[in-house]
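Peer 1: Once you know that position 660 of the sequence shown is 659 in numbering that gives the first Met the number 0, the rest is easy, because the numbers rise by one and skip nothing. Glycine residues also receive a C-beta, built at the ideal position from the N, C-alpha and C atoms. Small disclaimer: the values here were computed from a predicted structure and weren't measured.
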Amino acid sequence: MSAVADTSATHDLRLSDLALAAVADVCPGDESSARAPLDDAAARLRRAGWSARRTLEEIRRRPLPGDDRLIALANALGLTDVELMAVALAAVVEDQASIGRVLAHVQAPIGGSRPTLGLIARAFGGLHPDQSTVPALLGGEAVRTGLLTVLNDGTPLAERAVMVPAPLCMALAGVESRWPGTTIDLSKDERITLPDSFIADARRHAGALAANGRRAVIARTGSRLEGRNVACAVASALSARAVFVDTDQVIGLGPWMQLCRLIPVFCYELAPGERRRLPDVPGHSGPVLIVCGPDGSIEVPHCSVTSWPLSIPSEAARHSLWIAALGLDRGDALIDQLARDYRHSVGRIAHVGRTARHYAALAGRCTPEHDDVVEAAWTGEGNGIDALAEALRSPVPDDALVVSTAVREQLESLISRCRRRESLADGLGVSARTRYRPGVRALFTGPSGTGKTLAAGWIASRLGFPLYRVDLASVTSKYIGETEKNLSLLLARAEHAEVIVFFDEADALFGKRTDIGNANDRFANAQTNYLLQRIEQYDGIVVLTSNSQERFDEAFARRLDFIVDFPLPGPEERRALWKSHLGSGSTLSTSELNALAVLVDLSGGHTRNAVLAAAVRARHAARGITFDDVLAGVEGELRKLGRQMPVELARRHSHPATAHSS
């Protein structure tokens, strides 16, 4: 037979034909029609005129279109001839039911439509006569990587069947399927616009990964959506797609990813000091991508790791991102304001923009307005900040905040600092620019009820940022390390969402360090050290309150940008407080308001309580608030404080008719 004829004949054979022909050779013939596929394959091999070994060599060298994927995978994994033939036989059983019935017939009385290790050893053992086929197959790459799965644990080795998992069978046939616990690429709704700087960085990282495949890149961001989109950008730059792996069952995943040209992406959310070892995916020797928050560390076996912190985009980049997020054709005054005032990440802009468009549609408007964006900013990206902090949603108008002129000036300066924090160091000296962080930290001190919490709400209202009060019961824990973990998660989520974090009675967390007398003191000091450092590194806005600055550690003052003292109100502030709380529904005269302002030394919080108590009396009598109602409320508040009603007011309170007639 000529060489040309031989080559032509060989090209008519596939791996499955060769495997079935080998089974026919070792299984005794009978008159049953069930053997027809085996006999047909054997006849085709005889017509080729070559031995099984030489035919396999030719198929490996020039595979037919149906075998090219398996041959390429075998070369990549380094499969032996026996492994290759075993995979081909196991795969054709999954693809053609008639072949399974043939194998069940020839393997009787063991039964089973999938090939057993005993049948594979008899059929393909001649390809490597110097090796024991079954141990070599069990210890080979096909089984190690999960391309072949050995079934029937507990039965003798020769009777154990092998199979190719369904997703791998479909991938070998050129049909894409889903591996359990994974998701290929992103849906249309998950796609967001990335700035040009991110795309350029993704291409640079892809180039480094292509030059050395055994590398891993960790994209660190507080936005899972942003990180997943960046991972897809890196995969695309490598002419592949990203597959997000949410399972630790990775046996078989490596060959499947090679067949589908996928790059694995693992997404984690780690606490401070937490370490996570990335699962080793047998059969995958290419790059690995990881999306992770700012904390924790990832250990990647057999890989060098590069960290890629995803920074906040520049104001110019945010301008373009807001246009895309709000579905606009071009920028306008609203876009300019959002890009300037909202220092959001890429993922946060996309989420807020989509939500704002939804609110605009609910209101029957085609284009979102500023109020839609402010309302959308209260919605989280599934980050769970509400589990650790309480949302203080009520806006605080200017007239509601009654403080001295000096305090208001300091608060105005604080707002100005918050608005200019991103570019504040631009143009300054090198010492000022070095290690500059755009975070703003303010401490409000003063007696209870002097307006510290109200001022925090006023600042949030002026800036248009959500305000979250830290729930100390949720954050603090008696277990070592848990408080730091909770606070780190809270700040990471708040940093991404660009919200104001409000620590009420903050000295409970950031109190003075003590002399070390026992192990508890050591851990308490370590906790304080961590909290101080984490607050200093925080890129957002933090407002803390306390009744006294003396309760804080001395090192904490250096980390604060503003310390605003809220003194008890003087007569002028007290008069303004009474007017602001009473509104237009009272019958108090100017002289009565003046008497309250001069004679009743109460803070704003106690004033509020007194007015609410007066409103109860008035509503019960179905009339407006009278001076006597207010005095009753004042008396109740003074009683709480262990103080007596001023003599002048006590006399008028005991003779209300005389007081009003005078």
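1. Between the segment 49-62 and the segment 11-22, do at least 3 Cβ pairs fall closer than 8 angstroms?
2. Can you give me the start and stop residues for the alpha helix (DSSP H) that Val-91 sits inside?
3. Helix, strand or coil for Leu-14 per DSSP?
4. For the beta strand (DSSP E) that contains Arg-440, what are its first and last residues?
5. For Tyr-341, is the classification buried or exposed, using 16 other Cβ atoms within 10 angstroms of its Cβ as the cut-off for buried?
6. Look at the alpha carbon of Val-163 and the alpha carbon of Val-498, and state the distance between them as a whole number of angstroms.
7. Buried or exposed for Cys-168, please, with buried defined as at least 16 other CB atoms from any protein chain shown within 10 angstroms of its CB.
8. Arg-356 and Trp-377 look like a contact to me (Cβ under 8 angstroms); what is the Cβ gap, rounded to whole Å?
9. From Arg-618 to Pro-394, what does the alpha carbon distance come to, in whole angstroms?
10. Taking all protein chains shown into account, do 16 or more other C-beta atoms lie within 10 angstroms of the C-beta of Val-500, making it buried, or fewer, making it exposed?
11. Relative to the C-alpha of Ala-96, which candidate in Lys-484, Arg-113, Ser-430, Gln-106 has its C-alpha closest?
12. Please list, in chain order, all residues of the same chain as Arg-558 whose beta carbon is under 8 angstroms from its beta carbon, the five residues on each side excluded.
13. For Trp-343, is the classification buried or exposed, using 16 other Cβ atoms within 10 angstroms of its Cβ as the cut-off for buried?
14. Could you check the C-alpha separation between Met-24 and Ala-41 for me, to the nearest Å?
15. Which residues in the same chain as Ser-579 place their Cβ atom closer than 8 angstroms to its Cβ, once the five residues preceding and following it in sequence are excluded?
16. Which class does Cys-291 belong to by DSSP, given the choice of helix, strand or coil?
17. Specify the secondary structure class of Tyr-537 as computed by DSSP and reduced to three states.
18. Identify every run of the beta strand (DSSP E) within the segment 275-353, keeping only runs that are complete inside it and at least 3 residues long; order them along the chain.
19. With a Cβ-Cβ cutoff of 8 angstroms, do Pro-271 and Asp-245 count as a contact?
20. What residues in its chain sit with their C-beta under 7 angstroms from that of Trp-577, if we drop five residues either side in the sequence?
21. Take Asn-519 and list the residues in its own chain whose beta-carbon comes closer than 7 angstroms to its own, dropping the five residues that flank it on each side.
22. Within the chosen definition, does the segment 277-296 reach the segment 191-198 through at least 3 CB pairs nearer than 8 angstroms?
23. When we look at the beta-carbon of His-350 and count the other beta-carbons within 10 Å, is it buried (16 or more) or exposed?
24. Would you call the CB atoms of Val-174 and Ala-205 closer than 8 angstroms?
25. In angstroms with no decimal places, state the Cα-to-Cα distance between Ser-186 and Ser-176.
26. Please return the same chain residues whose Cβ sits closer than 7 angstroms to the Cβ of Asn-517, not counting the five positions on each side in sequence.
27. When the Cα of Ile-250 is compared with those of Thr-449, Asp-371, Val-149, Leu-116, which residue comes out closest?
28. Classify Pro-254 as buried or exposed, calling it buried when 16 or more other Cβ atoms lie within 10 Å of its own Cβ.
29. Tell me which residue opens and which closes the alpha helix (DSSP H) that Phe-197 is part of.
30. Using the Cβ count rule (16 or more neighbours within 10 Å means buried), how would you classify Asn-608?
31. I'd like the list of long-range same chain contacts for Arg-240, defined as Cβ closer than 8 angstroms, with 5 residues on each side in sequence excluded.
32. Determine the closest residue to Leu-277 out of Gln-257, Gly-292, Cys-302, with distance taken between C-alpha atoms.
33. If distances are taken between C-alpha atoms only, which option among Gly-426, Leu-252, Val-264 comes closest to Arg-214?
34. Taking Thr-144 and Leu-88 to be in contact with their CB atoms under 8 angstroms, please state how far apart those CB atoms are, rounded to whole angstroms.
35. From what residue to what residue does the beta strand (DSSP E) around Arg-219 run?
36. Assign Asp-66 to one of two classes, buried (16 or more other C-beta atoms within 10 Å of its C-beta) or exposed (fewer than that).
Peer 2: Taking the definition as stated:
1. yes
2. 80-94
3. helix
4. 439-444
5. buried
6. 51 angstroms
7. buried
8. The pair is not a contact, with the Cβ atoms about 15 angstroms apart (cut-off 8 angstroms).
9. 26 angstroms
10. buried
11. Arg-113
12. Arg-440, Leu-531, Ile-534, Glu-535
13. The amino acid at residue 343 is misidentified as Trp; the sequence shows His. The residue in question, His-343, is buried, as its Cβ has 16 or more Cβ neighbours within 10 Å.
14. Strictly speaking, residue 24 in this sequence is Asp, with Met absent from that position. For Asp-24 and Ala-41, the distance between alpha carbons rounds to 8 angstroms.
15. Asp-398, Ala-399, Val-401
16. strand
17. coil
18. 287-291, 296-298, 303-308
19. no
20. Leu-592, Leu-595, Ala-596, Thr-606
21. The predicted model places Asn-519 with a pLDDT of 48, which falls under 50 and marks its position as unreliable; any figure quoted below should be read in that light. Cβ neighbours of Asn-519 beyond the five flanking positions: none.
22. no
23. buried
24. no
25. 15 angstroms
26. Residue confidence is low: Asn-517 scores 44 on pLDDT, short of 50, so the model does not pin down where it sits. No coordinate-derived value is stated.
27. Val-149
28. buried
29. 195-210
30. buried
31. Ile-183, Asp-184, Cys-231, Ala-234, Cys-259, Arg-260, Leu-261, Ile-262
32. Cys-302
33. Val-264
34. No, Thr-144 and Leu-88 are not in contact; Cβ-Cβ is about 18 angstroms, not under 8 angstroms.
35. 214-219
36. buried
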